[in-house]
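Let me begin by presenting the structure, written as structure tokens, before commenting on it.
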């Protein structure tokens, strides 16, 4: 077995261990489950509301959109937070010092964050199917479409998160970066159809993957006539695949460059300096 293969296997094992630790640690589990539970409560309150005169239930339209938001937000900020925290505490430096350690490290992070994406996804999906009506996941094709858009969404968002995480030396910087992302969530048709928003807002939202993930989820989960409330009255399948594919391709080109740059800058002195600053803030 060659060294790279060994590193990949070690990364897979490390990711599985970290994910198991998350599921058995009360504080981590609370952080993972808090927002999904809140989203289920939101769906309960929305289930009887309708969107204008369309006759479509607002909760039905919101469920797939919320699932798309969870994929994008957890995918981006899960790995960004991990990279920045482990850069600050020296974990990244230790990985860099190990032969092929960065390969195993990144594989492990992808496994861990994928779990952080999929667990909240299931927690919202399963009760959501009972809370709202008119969800069209009643064929194998619909489930395959759902799985496909989830995988494509993860491919589009994880590299973005890795790129963001490589730019900040501590988790506080990543926290500030979440503010514009939350703004994008607000204008991307997650909780209310984007057709009710001004044209210039629609244009901005369509430049980013959050809107397209929500649209792709709605296309997979809702009946065909629900496309009437979308832009152009269509699910725009090809555009969804193209935009998410472009974000995925761009991320996989940019993220390795930024991660290599970040790794080259890591040293014992830089880690010690960040620790000292962190301790000064604590006191």
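In full-length UniProt numbering, the protein residues as written are 1 to 283.
All residues carry an ideal CB built from backbone N, CA and C; glycine is no exception.
- The three-state reading of DSSP puts residue 197 in coil, since its state is none of H, G, I, E or B.
- Across the set 36, 25, 109, 218, the C-alpha of 109 shows the shortest separation from the C-alpha of residue 8.
- The three-state reading of DSSP puts residue 60 in helix, counting H, G and I together.
- Per the coordinates, the alpha-carbon of residue 232 lies some 43 Å from the alpha-carbon of residue 22.
- By alpha-carbon distance to residue 151, the top candidate from 215, 118, 88, 238 is 118.
- Judged by their CB atoms, residue 65 and residue 218 are nearer to each other than the 8 Å cut-off.
- The region 87-96 makes no contact with the region 172-187, as fewer than three CB pairs between them are under 8 Å.
- Taking all protein chains in view, the Cβ of residue 70 is crowded by 16 or more other Cβ atoms within 10 Å, so the residue is classified as buried.
- In the three-state scheme derived from DSSP, where H, G and I count as helix and E and B as strand, residue 139 is classed as coil.
- Within the region 206-233, the alpha helix (DSSP H) runs of at least 4 residues that lie entirely inside it are, in chain order, 209-221.
- A contact between stretches requires three or more CB pairs, one per stretch, nearer than 8 Å, and the region 66-86 meets this requirement with the region 153-171.
- Apart from sequence neighbours up to five positions away, the residues of its chain that approach residue 258 with a beta-carbon distance below 8 Å are 162, 163, 166, 167, ordered along the chain.
- A Cβ-Cβ distance of about 3 Å is found for the pair residue 159 and residue 251, placing them in contact under the 8 Å criterion.
- When DSSP reads this structure, residue 24 sits in no beta bridge, so it has no partner.
- Here residue 143 is exposed, its C-beta having fewer than 16 other C-beta atoms within 10 Å.
- By the Cβ criterion, the region 219-229 is in contact with the region 131-148, since at least three pairs of Cβ atoms, one from each stretch, lie closer than 8 Å.
- Counting only residues of its own chain and dropping the five nearest sequence neighbours on each side, residue 3 has a CB closer than 8 Å to the CB of 99, 100.
- Taking residue 130 as reference, the option from 192, 43, 49, 89 with the minimal CA-CA separation is 43.
- When 111, 149, 92 are compared, the shortest CA-CA separation from residue 241 is found for 149.
- The shortest CA-to-CA distance from residue 11 to any of 111, 262, 73 is the one to 111.
- Taking a 10 Å sphere around the C-beta of residue 247, we find 16 or more other C-beta atoms and assign the residue as buried.
- DSSP, reduced to helix, strand and coil, places residue 50 within a strand of the structure shown.
- Judged by beta-carbon spacing, residue 78 lies within the 8 Å limit of residue 116, meaning their Cβ atoms are closer than that value.
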